[in-house]
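Trainee:
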Amino acid sequence: MKRGQSRINCLLAVDKPVGMSSHDVVNHVRRALGEKRVGHAGTLDPLASGVLVVGVGQGTRLMGLLTADTKSYVARIAFGTQTATDDAEGEVVLSAEPPTDVLSREFAAGVVYGLVGERDQVPPSFSAISVDGVRAYERARKGQEVELKSRRVSILNAVLLDVVADGPDGQPCWDCAFTVSKGTYVRSIARDLGTSLGSAAHLVELRRTASGCIGLADCVALDELERRGAEALAERALDPVAKLGLPSRELTVEELADVRCGKRIPCTDAGLPEGGRVCLTFGNALVGIWEREGNRLRCQANFPSGVTGVAR
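Using this note's numbering, you'd call the opening residue of the sequence shown number 634 and step up by one each time.
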């Protein structure tokens with residue numbers, strides 16, 4: 634049986650609230666818009682808030698193409714204890730008195746700035762990484778030992794925002810801003826930061842401020858979406874072409890008919906490299922992502938109903 638056509642096909646960013654999983658957000662969007670076909674890119678833990686990119690209808694097919702190479706966060710890191718989950722949800726597994734310098738703003742700023750660069754990072758045991766086909770957190774919840782391989786990650790920017798002397802449970806905290814490569818865990822940054830200071834640490838707050846070029850200013854609040862539904866989309870839907878960051882080409886009526894049939898069309902952009910991708914638009918909708926092959930364009934992905942929101 635063919636999947637029914639969605640009435641709404643768009644891309645949006647939701648400001649995910651604390652205490653809700655990314656899948657919970659998807660379910661709320663489904664109910665708010667009356668659409669079953671909803672997906673998200675870039676999972677956020679329940680304790681984290683901030684930018685969650687969501688696709689509706691044929692917009693779900695953009696999720697893999699929008700997997701951002703960089704993400705930005707504001708984090709609060711508490712010193713003195715390490716937890717099983719590397720955040721505030723887990724049981725304390727290690728306690729260690731932090732050094733007195735942890736309250737020195739000058740010391741803290743230097744340590745945080747020193748995090749910038751490439752490093753090998755071991756992801757948290759409680760993570761969504763698959764181990765022999767089973768999520769690591771599923772094994773960890775059953776008490777099974779989880780050994781995850783380190784991965785090469787990049788911390789592109791690290792800035793100390795504040796030093797808090799009396800944080801949760803009276804622990805000293807650092808508020809930091811990070812921009813990191815895809816696959817980097819801020820929980821692991823917190824854990825490793827405690828270890829590097831001869832102490833222990835864990836993440837107590839996390840807010841994603843940007844996923845690639847999509848930031849908090851692009852987001853709609855979940856309660857607004859639930860209150861106003863499709864009306865909110867008219868104002869807050871994202872421009873898929875702008876967020877993909879690809880060149881675009883407006884089709885003629887004749888070209889649109891060819892594109893919908895998958896028929897190759899001439900490449901009119903001499904500057905598009907071989908294999909380069911271009912967004913094909915018609916009106917305010919993205920109807921395809923095609924790539925150059927010689928002097929013609931061939932289909933990489935088509936969106937028959939069109940992903941709306943393209944600025945004209």
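Beta carbons are placed, not taken as given, at the ideal position from N, Cα and C, and that holds for glycine.
Is the beta carbon of Val647 closer than 8 Å to that of Val662?
Mentor: When the beta-carbon positions are compared, Val662 and Val647 come within less than 8 Å of each other.
Trainee: Start and end of the beta strand (DSSP E) containing Tyr706?
Mentor: Thr703 to Phe712
Trainee: What is the rounded straight-line gap between the Cα of Pro873 and the Cα of Asn917?
Mentor: 10 Å
Trainee: Where DSSP assigns a beta bridge to Arg882, which residues make up the other side?
Mentor: Leu913
Trainee: Does the Cβ of Glu883 have 16 or more other Cβ atoms within 10 Å, making it buried, or fewer, making it exposed?
Mentor: exposed
Trainee: Report back the beta-carbon spacing between Gln691 and Val940 to the nearest angstrom; my notes put them in contact at under 8 Å.
Mentor: 6 Å
Trainee: I need the straight-line Cα distance from Gln715 to Gly800, nearest angstrom please.
Mentor: The C-alpha of Gly800 is placed about 15 Å away from the C-alpha of Gln715.
Trainee: Would you tell me roughly how many angstroms separate the C-alpha atoms of Arg893 and Asp808, rounded to the nearest one?
Mentor: 51 Å
Trainee: With a threshold of 16 other CB atoms inside 10 Å of the CB of Val725, please say whether the residue is buried or exposed.
Mentor: exposed
Trainee: Taking the straight line between their C-alpha atoms, what separation do you get for Gly652 and Gly750?
Mentor: So the two alpha carbons sit approximately 31 Å from each other.
Trainee: Tell me whether Ser814 sits in a helix, a strand or coil according to DSSP, three-state version.
Mentor: Correct three-state label for Ser814: strand.
Trainee: Taking 7 Å as the limit between beta carbons, can you name the residues of its chain near Ser832, skipping five residues before and five after?
Mentor: Phe712, Gly713, Ala729, Glu730, Pro731 and Pro732
Trainee: Would you be able to state if there are at least three C-beta pairs under 8 Å between the stretch 699-706 and the stretch 827-846?
Mentor: yes
Trainee: DSSP puts Gln715 in a beta bridge; with which residues?
Mentor: Leu727
Trainee: Which partner residues of Ile922 appear in the DSSP bridge assignment?
Mentor: Cys912 and Ala934
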